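Below is one structure, written out as structure tokens; comments come after it.
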Amino acid sequence: MSSQAEHKRAHGGPQAAAEPLMAVEGLMVFYENALAVNDLSLTVPAGQMVGVIGSNSAGKTTLLNTLSGLILDQRIKELRRGGERITVLGRVLYQGEDISDLPAYRRARRGIVLCRERHPVFPDSSVVENLRIAAHLVDRARMRQGMELAFELFPNLARLRRKKAGFLSGGEQQMLAIAMALMVGPRLLLLDEPLLGLSPAMQKQLVEAIGQVRRQTGVTIVIAEQFARPILPLIDFAYVIENGMLTLTGTGAELMDNPEIKSAYFGV
Ligand SMILES: Nc1ncnc2c1ncn2[C@@H]1O[C@H](COP(=O)(O)OP(=O)(O)OP(=O)(O)O)[C@@H](O)[C@H]1O
Ligand SMILES: [Mg+2]
Numbered sequence: 133m134s135s136q137a138e139h140k141r142a143h144g145g146p147q148a149a150a151e152p153l154m155a156v157e158g159l160m161v162f163y164e165n166a167l168a169v170n171d172l173s174l175t176v177p178a179g180q181m182v183g184v185i186g187s188n189s190a191g192k193t194t195l196l197n198t199l200s201g202l203i204l205d206q207r208i209k210e211l212r213r214g215g216e217r218i219t220v221l222g223r224v225l226y227q228g229e230d231i232s233d234l235p236a237y238r239r240a241r242r243g244i245v246l247c248r249e250r251h252p253v254f255p256d257s258s259v260v261e262n263l264r265i266a267a268h269l270v271d272r273a274r275m276r277q278g279m280e281l282a283f284e285l286f287p288n289l290a291r292l293r294r295k296k297a298g299f300l301s302g303g304e305q306q307m308l309a310i311a312m313a314l315m316v317g318p319r320l321l322l323l324d325e326p327l328l329g330l331s332p333a334m335q336k337q338l339v340e341a342i343g344q345v346r347r348q349t350g351v352t353i354v355i356a357e358q359f360a361r362p363i364l365p366l367i368d369f370a371y372v373i374e375n376g377m378l379t380l381t382g383t384g385a386e387l388m389d390n391p392e393i394k395s396a397y398f399g400v
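If you read the sequence shown in the working numbering, its first letter stands for residue 133, the second for the next number, and so on.
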């Protein structure tokens, strides 16, 4: 299995010196005394799709929440409630700058957008209304462009534009959630288990749509998944985590052929 150094070399060439869009160094996240992410370092090169693969409770959501800054909001909320103490150690770098203390809304303004797990949409609002809500940060022209792109990438949504999001299928809601994340024109899109709970047919459709998103927008993606097989062909480089710790790394193709991965994460 190739190391991170090999990864850098393989994707290096003339761009070897180029800064990754995002990098995480020695990240540790504690919920009270429980360690959810344990000394994790990873690199997200611009334009690539990076996978974070791990089973339940591996730390995928905690990691993505730390990349998006949401964990800082959670920490403040817990403090106010007198609940558990959340401690984050290590550094998150974005375009070479340490953003570890930057709140989520400011990261979003800089193009880091999280699409949370279990397709979060506003169930009582229509598809179009959901897209408008997601675009409240951008001007009208950008909103119109965003909406056109959303309906081009997800033709299903165009047909369902007046329907309440709560009445859409799980897969349709997931597509809407991704379309909402795209409305602000992210540079780095963080997808937390977009395939979770979808039928194989719907997963296939969604994987195709994610591929299309990449080709059309050039957005850099970090995608977390448990059963990673359907998405591995699209993944440039993946990090496998267990109990918050890095256990394996490799290209999507390498992981496709790895017997350990097959038995643990392909549901076979
Ligand atoms: N708010 C929290 N308070 C306390 N412990 C938490 C909290 N959120 C997560 N944890 C714990 O941290 C560990 C990592 O959880 P996390 O949700 O990041 O994993 P995950 O890989 O996203 O799992 P899943 O596949 O179930 O979504 C787990 O042991 C979990 O119980
Ligand atoms: Mg999760």
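Don't be surprised by glycine CBs; every beta carbon is placed ideally from N, CA and C.
The model shown is predicted, which means the values in this text are computed figures rather than measured ones.
Is there at least one non-hydrogen atom of ligand 2 closer than 7 angstroms to the beta-carbon of residue i?
i: Arg374; result: It is worth fixing the name first, because residue 374 is Glu in this sequence and not Arg. Because no heavy atom of ligand 2 lies under 7 angstroms away, the Cβ of Glu374 does not count as near it: no.
i: Glu249; result: yes
i: Glu357; result: no
i: Thr198; result: no
i: Asn151; result: Correcting the residue type first, residue 151 is Glu in the shown sequence and not Asn. No, Cβ of Glu151 sits at least 7 angstroms from all heavy atoms of ligand 2.
i: Thr193; result: yes
i: Glu386; result: no
i: Asp324; result: yes
The alpha helix (DSSP H) that contains residue i, what's its start and end?
i: Arg347; result: Pro332 to Thr349
i: Gly384; result: Gly384 to Met388
i: Ala190; result: First-last for Ala190: undefined, no H or E at that position.
i: Val316; result: Segment: none, Val316 is in no alpha helix (DSSP H) and carries neither H nor E.
i: Val224; result: Careful: Val224 lies outside any alpha helix (DSSP H), inside the beta strand (DSSP E) at Ile218 to Tyr226.
From the options, pick the residue whose C-alpha is nearest to that of residue i; which is it?
i: Gln344; options: Pro287, Ile393 and Met275; result: Pro287
i: Thr383; options: Phe369, Ala190 and Asn375; result: Phe369
i: Val169; options: Val176, Leu153, Glu151 and Ile203; result: Ile203
i: Cys247; options: Leu323, Asn262, Ile373 and Lys209; result: Leu323
i: Gly350; options: Asp389, Leu314, Gly183 and Ile185; result: Leu314
i: Leu196; options: Arg217, Leu174 and Gly215; result: Leu174
i: Ser232; options: Pro362, Val354, Asp205 and Ala385; result: Asp205
i: Met181; options: Ala360, Glu304 and Ile353; result: Ile353
i: Phe299; options: Leu153, Val259, Arg274 and Arg272; result: Val259
i: Leu308; options: Gly317, Leu285, Leu320 and Arg319; result: Leu285
i: Tyr237; options: Ser257, Gly201 and Asp271; result: Gly201
i: Leu387; options: Gly376, Met377 and Phe359; result: Phe359
i: Gly303; options: Val270, Gln335, Ala273 and Arg274; result: Gln335
i: Arg264; options: His251, Arg250, Ala282 and Glu249; result: Ala282
i: Thr194; options: Ala178, Leu159 and Val176; result: Leu159
i: Gly228; options: Val176, Pro235, Leu364 and Ile208; result: Val176
How about residue i and residue j: do their beta carbons lie closer than 8 angstroms?
i: Met312; j: Ala266; result: yes
i: Pro255; j: Ala297; result: yes
i: Ala190; j: Glu374; result: yes
i: Gly183; j: Lys192; result: no
i: Arg347; j: Gly243; result: no
i: Leu153; j: Gly376; result: no
i: Arg274; j: Gly222; result: no
i: Gln305; j: Val245; result: no
i: Val339; j: Leu366; result: yes
Give the range of the beta strand (DSSP E) segment to which residue i is assigned.
i: Ser173; result: Ala166 to Val176
Would you call residue i buried or exposed, if buried means 16 or more other Cβ atoms sit within 10 Å of its Cβ?
i: Arg276; result: exposed
i: Arg291; result: exposed
i: Gly214; result: exposed
i: Thr381; result: buried
i: Pro165; result: One detail in the question is off: residue 165 reads as Asn in this sequence, not Pro. Its Cβ having fewer than 16 others within 10 Å, Asn165 is exposed.
i: Ala148; result: Legend: pLDDT at Ala148 = 49, less than 50; position of this residue unreliable, value from coordinates given subsequently. Ala148 is exposed by the Cβ-count criterion.
i: Gly144; result: Caution is warranted here: a pLDDT of 44 is assigned to Gly144, below 50, making its placement in the model unreliable, and no coordinate value can be reported.
i: Leu269; result: exposed
Give a single yes or no on whether residue i has its beta carbon closer than 7 angstroms to a heavy atom of ligand 1.
i: Gly186; result: yes
i: Ser232; result: no
i: Ala190; result: yes
i: Glu280; result: no
i: Tyr163; result: yes
i: Ala178; result: no
i: Ala309; result: no
i: Ala166; result: yes
i: Glu229; result: no
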